[in-house]
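Undergrad:
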Amino acid sequence: MKAIVALTGFEKECYFLPASGAESIPMMVNILMGWGIDYIILNFGNSEERAVHEKLMKEQYDNKIDLASKQMLLMDFHPDAEDLFSTIDFKKYVVKVREGITVKNSEYLIDNNYSRAILASNFLQEVNNGNVNFKNLDEETQENLNQFIQQMAALLK
36 MKAIVALTGF EKECYFLPAS GAESIPMMVN ILMGWGIDYI ILNFGNSEER
86 AVHEKLMKEQ YDNKIDLASK QMLLMDFHPD AEDLFSTIDF KKYVVKVREG
136 ITVKNSEYLI DNNYSRAILA SNFLQEVNNG NVNFKNLDEE TQENLNQFIQ
186 QMAALLK
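Count along the sequence shown from 1, then add 35; that gives the number in this note's numbering.
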């Protein structure tokens with residue numbers, strides 16, 4: 036997520052706490068609430084994160100969509116963060132393979148036992164070192180990243 040912020044030139048101050056699994060998100064929300072920290076809950080469209088999104092809607096926001104929409108962002112059409120990238124950009128800049136990818140990027144990672152954390156760290160290094168920039172990315176990826184950043188910006192104060 037830090038790489039996406041850097042790539043798009045997003046300037047609002049924000050930090051990402053990796054939940055390391057959807058099941059830990061409610062606990063992290065409770066901790067942030069207890070500390071009085073402003074936060075946004077970001078969920079992607081996979082079944083686990085969608086279930087957590089619905090659970091938080093019910094338990095934290097009493098199913099009040101207007102209230103929840105001020106702090107919750109569901110990237111419904113993207114199962115995971117790597118699915119924001121076109122398969123072409125994903126294989127070129129993230130997994131660095133030449134083979135064709137015929138499934139969602141997130142499925143490809145699971146099917147081939149890639150470490151999401153290592154790939155994300157390596158990709159962030161490539162972005163920070165200037166080896167990958169927004170202009171390198173194809174139109175599909177640029178549109179997806181811009182859409183994500185616009186939705187996030189609307190929630191940040």
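Every residue, glycine too, gets a C-beta built ideally from N, C-alpha and C. Since the structure is predicted, the reported quantities are computational estimates derived from the model, not experimental observations.
Should the segment 149-159 be called in touch with the segment 73-90, which here means at least 3 C-beta pairs below 8 Å?
TA: Touching, no, given that fewer than three Cβ pairs across the two stretches are closer than 8 Å.
Undergrad: Can you give me the start and stop residues for the alpha helix (DSSP H) that Leu159 sits inside?
TA: In the sequence shown, counting from the first residue as 1, residue 159 sits at position 124. It spans Arg151 to Asn163 - the alpha helix (DSSP H) in which Leu159 sits, taken as one unbroken run.
Undergrad: If you pair each beta-carbon of the segment 131-144 with each one of the segment 107-123, do three or more pairs fall below 8 Å?
TA: The segment 131-144 is in contact with the segment 107-123.
Undergrad: Residue range of the alpha helix (DSSP H) that Asn65 falls in?
TA: Locating residue 65 in the sequence shown gives position 30, where the first residue counts as 1. Counting along the chain, the alpha helix (DSSP H) containing Asn65 begins and ends at Ile60 to Trp70.
Undergrad: Could you tell me which residues DSSP puts in a beta bridge with Leu77?
TA: Counting from one through the sequence shown, the residue named residue 77 turns up at place 42. Leu77 is bridged to Leu108.
Undergrad: Which residues mark the beginning and the end of the alpha helix (DSSP H) in which Arg85 is found?
TA: The residue you call residue 85 lines up with position 50 of the sequence shown. Ser82 to Glu94 is the extent of the alpha helix (DSSP H) around Arg85.
Undergrad: By the three-class DSSP mapping on this structure, what secondary structure does Tyr50 have?
TA: As a position in the sequence shown, residue 50 is number 15, starting the count at 1. The answer is coil: DSSP assigns Tyr50 none of H, G, I, E or B.
Undergrad: Hey, Asp124 and Thr43: beta-carbon distance below 8 Å or not?
TA: Against the sequence shown, residue 124 aligns to sequence position 89. Against the sequence shown, residue 43 aligns to sequence position 8. Going by C-beta atoms, Asp124 is not nearer than 8 Å to Thr43.
Undergrad: Would you identify the three-state DSSP class for Ser141, choosing helix, strand or coil?
TA: What you label residue 141 is simply residue 106 of the sequence shown in a count that begins at 1. Ser141: helix per DSSP, three-state reduction.
Undergrad: Please report the Cβ distance between Lys126 and Ile136, rounded to the nearest whole angstrom; I am assuming they are in contact, meaning their Cβ atoms lie under 8 Å.
TA: For the purposes of this step, residue 126 is taken as the residue at position 91 of the sequence shown. For the purposes of this step, residue 136 is taken as the residue at position 101 of the sequence shown. With a Cβ gap of about 6 Å, Lys126 and Ile136 count as contacting.
Undergrad: Whole-angstrom Cβ separation of Phe51 and Met36, contact assumed at under 8 Å?
TA: As a first step, residue 51 must be located in the sequence shown, where it is residue number 16. As a first step, residue 36 must be located in the sequence shown, where it is residue number 1. Yes, Phe51 and Met36 are in contact; Cβ-Cβ is about 4 Å, under 8 Å.
Undergrad: DSSP three-state label for Ile136, please.
TA: Against the sequence shown, residue 136 aligns to sequence position 101. Note: Ile136 maps to coil in three-state DSSP.
Undergrad: Going by alpha carbons, who is nearest to Glu58 out of Lys99, Asn98, His88 and Asn166?
TA: To locate residue 58, count along the sequence shown from 1; it is residue 23. Measuring from the Cα of Glu58, the nearest candidate turns out to be His88.
Undergrad: Between Leu191 and Lys47, is the Cβ-Cβ spacing less than 8 Å?
TA: Residue numbering aside, residue 191 sits at position 156 when the sequence shown is read from its first letter. Residue numbering aside, residue 47 sits at position 12 when the sequence shown is read from its first letter. Yes; because the gap between Cβ atoms is below 8 Å, this pair is in contact.
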